[in-house]
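Below is one structure, written out as structure tokens; the observations come after it.
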Amino acid sequence: MQESVSVDHELGKPPFDRRLSDKILAAFNHAYASGAHQVAVRLKTLLVEVDDKERVDHERRAASAVSQAELWIAFVEARDAYNGLMEKDTASENALETALEAMKTGYQAWSKS
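Count along the sequence shown from 1, then add 47; that gives the number in my numbering.
Written out as structure tokens, the structure is:
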């Protein structure tokens, strides 16, 4: 076993291998947050397919990559709403505080998933 770890290390392979769904999720998060929504929609479709197969193959019960994507969408939408209010000179202090709290809550939910 030690020999294969050494060979993997020499080849630049990390000691663990992320699931395909993790890699698609990272690409989805980037696409959605940067406004490439058409790309994000296609990646989410792939994510559903891959995540379902991985969950069946490995009997996973933890939070799915798809549910993490949904939490990311909620955070980005809250962030965009807050940023939109910040650009308006007429936004009330109460509206800004509410939007900021929604953004924080969205981020906390996503980061704990």
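Even glycine gets a Cβ: it sits at the ideal position worked out from N, Cα and C.
Item checked: Beta-carbon spacing of residue 100, residue 116 below 8 Å -> For residue 100 and residue 116, no; Cβs fall outside 8 Å.
Cutting at 8 Å between CB atoms, please list the residues of its own chain near residue 114, excluding the five before and the five after it. Counting only Cβ-Cβ distances below 8 Å, and skipping sequence neighbours, we find 160.
Cutting at 8 Å between CB atoms, please list the residues of its own chain near residue 93, excluding the five before and the five after it. Counting only Cβ-Cβ distances below 8 Å, and skipping sequence neighbours, we find 71.
Would you mind sorting residue 111 into buried or exposed? The rule is 16 or more other CB atoms within 10 Å of its CB.
It counts as buried.
Discussion item. Tell me which residue opens and which closes the alpha helix (DSSP H) that residue 69 is part of.
Written reply: First-last of the alpha helix (DSSP H) with residue 69: 67 to 80.
For residue 130 and residue 150, what's the separation of their Cα atoms in angstroms?
Cα-Cα distance, rounded: 10 Å.
Inset, instruction - Throw me the rounded Cβ distance for the residue 97 and residue 68 pair, which I believe falls under 8 Å. - result: Rounded to whole angstroms, the Cβ separation of residue 97 and residue 68 is 5 Å, and the two are in contact under 8 Å.
Near residue 121, what residues of its chain come up, given a Cβ to Cβ distance below 8 Å and the 5 sequence neighbours on each side ignored?
-> Taken in chain order, the residues that qualify are 153, 156, 157.
- Task: With a 10 Å radius around its C-beta and 16 neighbouring C-beta atoms as the bar for buried, classify residue 123 as buried or exposed.
- Result: By the neighbour-count rule (16 or more Cβ atoms within 10 Å), residue 123 is buried.
Using the Cβ count rule (16 or more neighbours within 10 Å means buried), how would you classify residue 141?
By the neighbour-count rule (16 or more Cβ atoms within 10 Å), residue 141 is not buried but exposed.
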